[in-house]
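Undergrad:
Numbering (the UniProt record's numbering), first residue to last: 1 to 734.
(1) Hey, residue 468 and residue 607: beta-carbon distance below 7 Å or not?
(2) How about residue 580 and residue 572: do their beta carbons lie closer than 7 Å?
(3) Which residue comes first and which comes last in the beta strand (DSSP E) that contains residue 562?
(4) How would you call residue 305, buried or exposed, if buried means at least 16 neighbouring beta carbons within 10 angstroms?
(5) Who does residue 101 pair with in a DSSP beta bridge?
(6) In the DSSP output, which residue or residues are listed as bridge partners for residue 655?
(7) Compare the beta carbon distance of residue 745 and residue 432 with 7 Å and say whether it is the shorter of the two.
(8) Distance check for residue 485 and residue 646, CA to CA, integer angstroms please.
(9) Helix or strand or just coil, what does DSSP make of residue 337?
(10) Closest by CA to residue 405, which one among 95, 692, 104, 106?
(11) Could you pull out every unbroken beta strand (DSSP E) segment of at least 3 residues lying fully inside the segment 101 to 163, listed in chain order?
(12) Who are the Cβ neighbours of residue 624 in its own chain at under 7 Å, not counting the five residues just before and after it?
(13) Taking 6 Å as the line, does the beta carbon of residue 384 fall inside it for any heavy atom of the ligand ATP?
(14) Assign residue 379 to one of two classes, buried (16 or more other C-beta atoms within 10 Å of its C-beta) or exposed (fewer than that).
(15) Put residue 318 into one of helix, strand or coil per three-state DSSP.
(16) Is DSSP giving residue 381 helix, strand or coil here?
(17) Just to confirm my understanding: we take residue 605, look at its own chain, exclude 5 residues before and 5 after, and list those with CB closer than 8 Å. What are they?
(18) Whole angstroms is fine: what's the gap from residue 627's alpha carbon to residue 326's?
(19) Hey, out of 255, 243, 206, 99, whose CA is closest to residue 233's CA?
(20) Between the Cα of residue 614 and the Cα atoms of 272, 163, 295, which residue gives the shortest distance?
(21) Looking at the unbroken alpha helix (DSSP H) that takes in residue 218, where does it start and where does it end?
(22) Quick check on the DSSP output: what are the complete alpha helix (DSSP H) runs of length 4 or more inside the segment 390 to 455, in order along the chain?
(23) Residue 204: buried (16+ other C-beta within 10 angstroms of its C-beta) or exposed?
(24) DSSP beta-bridge partners for residue 528?
(25) Count the other C-beta atoms from every protein chain shown that fall within 10 angstroms of the C-beta of residue 437, then say buried if there are 16 or more, exposed otherwise.
(26) Expressed to the nearest angstrom, what Euclidean distance is found between the alpha-carbon atoms of residue 520 and residue 499?
(27) I think residue 602 touches residue 442, with their Cβ atoms under 8 Å apart; what is that distance to the nearest whole Å?
(28) Would you mind working out which of 403, 487, 107, 144 sits nearest residue 590, comparing C-alpha positions?
(29) Grab the span of the beta strand (DSSP E) containing residue 549 for me, first residue to last.
(30) Roughly how many angstroms lie between the CA atoms of residue 324 and residue 584, to the nearest whole one?
(31) Are the Cβ atoms of residue 397 and residue 420 separated by less than 7 Å?
(32) Using DSSP with H/G/I as helix, E/B as strand and the rest coil, what is residue 695?
(33) Closest by CA to residue 477, which one among 387, 686, 249, 542?
(34) Just reading off the alpha helix (DSSP H) that residue 466 is part of, what are its end residues?
(35) What did DSSP end up calling residue 512 once you bin it into helix, strand or coil?
(36) Buried or exposed for residue 592, going by 16 or more other Cβ atoms inside 10 Å?
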């Protein structure tokens, strides 16, 4: 039989010969019936595999060929009856179901859009749990279980450690196996991790906290015992680490096998859009996690118990565990439909036949080994698979570029709220909310827009890398906005002396004549804003002797503060709990350019991922994504927050004093913070630019004649028998 030729980029195949194909639901007597095409006319059908064609009855997979947000006008709804099965020529069961249970109603979801929906829900839950809830509740967990900062850092890192350990195994064997089963079991393991993370709440006793309202005012009881025995509750950190480890194991298939499963079951042109929607859901997840997790933290951890504290109290612990219970249960439920999908969707073989290879061509021709159908099936092929990827310079430099971008993303996601909090003198919750408002439209919109641009302009691999380069250069130019900064709010004893003069050499001097008799402790940091618009370390350091509550906003108000001068009037002034409000005129400019940096950083994410999928052989796509994730996490995701944190710590003015031991930073010098952020941003953006340039220069595409008849290369060409070809109903131009 002649090699099938694609007539246009959107329609099916044309054949000049008689074809032998079977209808899925045909009676036994008709199973092998031959349908002769009229003389001079080609028969067009849907290829499943090995030349076997489906009947004219459209299958659910026809939607794979459609744009994500469009439908064919007048398309009839296909009715499925009980027992309909889609079977490939190799005998693979392509119906949606579990074992022998494949009811017809489920086949409505046996499409690329159905897969995309369930994978989006899974990625949303993963992002909401790992990047949302964890970051939101980490402070509450530290307080509830007496954890140190480095211990909570180990909890957060356990996710990346698990991912790095599992990526090679999962991407290699899962890439050549039943991908939906790997995905489904992964989501199930992720759900178990969430439930395990919430377990310590139910296995510990009640949280007992006593209000310390009177501690902190001048003359109040200032005794805080330093020599406390180590709490046994800190041992629960191992339970949290195990929960995070399960999160990492479960999420590993999601962003390797999930991406390649989508890519294999849709047309090449639509693949970036599907992947962009998938990643957009993963970015919206953390935003939902911050919002929902913040709401739960306003509920006391011991639900139903009366307490005389408010969420503003430093001893308050919110209901951190509710989100993990909900996310865990939802993950267990969503794993069930994912486990029911077939190894590939009905009709997806047509896209494999139509796909043209854009893999980088190695000089020694060793890339052809990956085209062997038996390659990658056994462990002995693992070293050769790694070697093939290491010999692919385009893949290597795309991985390095991804690592530089991941470093910035991980660093900014961790310290972005802290930067806004310091620059604009915001509370932690206000800074997190403002950062969320920036990330959702910029990150989510940039991710989707990147996939849309690749699809819109039908970019090939080299064009995609150039688009990534353009985005990186644009964000590099925008990052120079960190040359400007907002001035620090004046703080007595930290940025200036109590009488307004500058502190010599930046040394702290929290004690003055006005508070010398108060016996203030440096362990109690509770900033207040005086009526003279100067911040003070605590009500005690402001010399305040009485306290009341502002009925209008619920904030504590301190009176008779001997260090605070009343404006225009003699005598002690008042102070209100919290930081002084910043009136920085540069705030809109900083926020706008920070939005631009985030937008262009995420704009290159899907194109870079698409270029990675295109520059390697089809059989190595899952494994290539796994190796790339290892490089990105090892060189970017894990050290990124550490690098940014160490640089930002250099700008600290006021450190926490925990009974003589240095704790976290309370106050940063805004000018130094901007300067160090600028240095880190420029260094990593320049490295990313260089890596994309080298990847583009070293990329060697296949020769045009190596893949004739592909949907991409012959998109505007005509089939020899086009005038005789009836088009497939689901693949008409839309």
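Backbone N, C-alpha and C define an ideal beta-carbon position, used for all residues, glycine too.
TA: With the structure as the only source:
(1) Contact flag set, yes.
(2) In this structure, residue 572 does not lie closer than 7 Å to residue 580 by Cβ.
(3) Run containing residue 562: 556 to 565, per the beta strand (DSSP E) assignment.
(4) By the neighbour-count rule (16 or more Cβ atoms within 10 Å), residue 305 is not buried but exposed.
(5) Looking at the DSSP output, residue 101 bridges to 98.
(6) Under DSSP, residue 655 forms a beta bridge with 665.
(7) No statement about residue 745 is possible, as the shown extent of the chain runs from 1 to 734 and does not include it.
(8) Residue 485 has its alpha-carbon roughly 20 Å from the corresponding atom of residue 646.
(9) Helix, per DSSP.
(10) Residue 692 is the option with its Cα nearest to residue 405.
(11) Listed in chain order, nothing qualifies, since the segment 101 to 163 has no complete beta strand (DSSP E) run of 3 or more residues.
(12) Correct list, in chain order: 389, 395, 612, 616.
(13) The ligand ATP is not part of this structure, which contains no ligands at all.
(14) Counting Cβ neighbours within 10 Å, residue 379 comes out exposed, since fewer than 16 surround it.
(15) Strand at residue 318.
(16) Correct three-state label for residue 381: helix.
(17) If we look at residue 605 and ignore the five residues flanking it on each side, its Cβ neighbours are 279, 405, 446, 447, 450.
(18) When rounded, the distance between both Cα atoms is 32 Å.
(19) Nearest of 255, 243, 206, 99 to residue 233, Cα basis: 206.
(20) Closest by alpha carbon: 272.
(21) Premise fails: residue 218 is in no alpha helix (DSSP H) and is neither H nor E.
(22) DSSP assignment within the segment 390 to 455 yields the following whole alpha helix (DSSP H) runs of 4 residues or more, N-terminal first: 393 to 423, 428 to 439.
(23) Exposed, by the Cβ-count rule.
(24) Beta-bridge pairing links residue 528 to 536, 577.
(25) Around the beta carbon of residue 437, fewer than 16 other beta carbons lie within 10 angstroms, which makes this residue exposed.
(26) One C-alpha to the other measures close to 19 Å.
(27) About 7 Å separates the two Cβ atoms, so the contact holds.
(28) Closest option to residue 590, Cα to Cα, is 487.
(29) Element bounds for residue 549: 546 to 549.
(30) Using only the alpha carbons, I get a separation of about 38 Å.
(31) No; because the gap between Cβ atoms is not below 7 Å, this pair is not in contact.
(32) Here residue 695 sits in helix by DSSP.
(33) Looking only at 387, 686, 249, 542, the smallest Cα-Cα distance to residue 477 is reached by 686.
(34) Per DSSP, residue 466 belongs to the alpha helix (DSSP H) from 461 to 478.
(35) Per DSSP, reduced to three states, the secondary structure at residue 512 is coil, with no helix or strand assignment.
(36) Per the 10 Å Cβ criterion, exposed.
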